[in-house]
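Have a look at the structure below before the remarks.
Residue numbers (this note's numbering): 696 to 939.
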């Protein structure tokens, strides 16, 4: 198994191209000359969604730049951080609740269609209840010129958290920043998660003082299933981008 981690090895974070060189297309609506990968569920039925929103309605509309881009309201410029289509070093670390006595299990595998599958079983035994995958970059990334992360995933109906760590005063923070998104079972969705949605947490609890996310020094990115969602889970991950 091998995945391309542009996040750490190709861009080395500080060499992200300017907006003029970035991709200016909505990941949820690929152009005909640049089709989406041929995944099991098919990109045709895919609908973009915001964090914590799976079915936008008139009462709860999707945010701008997620449904039907127009010249007046263009799709956000996007730059790929992580792509799971080609071979690269093993960079993902699995961290489960066994670090505090739990027995949950998880793994990450490469799918034949070119995306990653983060899967396993969450157990509540021994006061457990979470599983995660994460990768740390060689150098911090300055993402301060971007609004947030765009992730394209194949869901199972469960809630997942995007997880970031940053560097403050030359040190990696002991706490993480998390933002949740609710998946739709059996469907590919693109979630646009603003950096403003991320909150500082440590072992599931809020961090006193609510320190802000330092987006000019992002060093770690990951996915987590938590909140005691017992049982099997499976999250397909196609790509992770930043958007303006």
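Every residue, glycine too, gets a C-beta built ideally from N, C-alpha and C.
Straight-line Cα distance separating residue j from residue i
{"i": "residue 861", "j": "residue 885", "result": "24 Å"}
{"i": "residue 818", "j": "residue 919", "result": "14 Å"}
{"i": "residue 931", "j": "residue 902", "result": "30 Å"}
{"i": "residue 760", "j": "residue 821", "result": "Reliability fails at residue 760, whose pLDDT of 36 lies under 50, so the model's placement of it is uncertain and the value that follows must be treated cautiously. Spanning the two alpha carbons is a distance of roughly 44 Å."}
{"i": "residue 877", "j": "residue 888", "result": "12 Å"}
{"i": "residue 831", "j": "residue 915", "result": "4 Å"}
{"i": "residue 894", "j": "residue 900", "result": "10 Å"}
{"i": "residue 806", "j": "residue 883", "result": "14 Å"}
{"i": "residue 933", "j": "residue 775", "result": "11 Å"}
{"i": "residue 872", "j": "residue 804", "result": "25 Å"}
{"i": "residue 907", "j": "residue 867", "result": "14 Å"}
{"i": "residue 796", "j": "residue 802", "result": "18 Å"}
{"i": "residue 669", "j": "residue 859", "result": "Because the chain in this structure spans residues 696 to 939, residue 669 falls outside the shown range and cannot be described."}
{"i": "residue 794", "j": "residue 841", "result": "34 Å"}
Residues near residue i in its chain [Cβ-Cβ closer than 7 Å; skip 5 each side]
{"i": "residue 816", "result": "799, 800, 926 and 927"}
{"i": "residue 863", "result": "909"}
Residue i (DSSP reduced to helix, strand or coil)
{"i": "residue 941", "result": "Outside the modelled stretch of the chain, which goes from 696 to 939, sits residue 941, for which no answer is possible."}
{"i": "residue 880", "result": "coil"}
{"i": "residue 865", "result": "coil"}
{"i": "residue 925", "result": "coil"}
Cutoff 6 Å; reference residue i; Cβ partners in own chain excluding five residues on either side
{"i": "residue 788", "result": "829"}
{"i": "residue 874", "result": "746, 857, 888, 892 and 893"}
{"i": "residue 911", "result": "837 and 839"}
Nearest-angstrom Cβ-Cβ length linking residue i and residue j, presumed shorter than 8 Å
{"i": "residue 896", "j": "residue 870", "result": "6 Å"}
{"i": "residue 922", "j": "residue 848", "result": "Wrong, their Cβ atoms sit about 17 Å apart, outside the cutoff."}
{"i": "residue 836", "j": "residue 913", "result": "5 Å"}
{"i": "residue 813", "j": "residue 792", "result": "Not really, about 15 Å apart at Cβ, beyond 8 Å."}
{"i": "residue 880", "j": "residue 851", "result": "5 Å"}
Counting only runs that start and end within the segment 882 to 917, where is the alpha helix (DSSP H) found for 4 or more residues in a row?
As far as the segment 882 to 917 is concerned, it has no whole alpha helix (DSSP H) run of at least 4 residues.
Practice task
Output the residue ranges of the beta strand (DSSP E) runs that lie fully inside the segment 770 to 847 and measure 3 residues or longer, sorted by chain position.
Solution key: 773 to 778, 788 to 791, 800 to 805, 811 to 817 and 826 to 836
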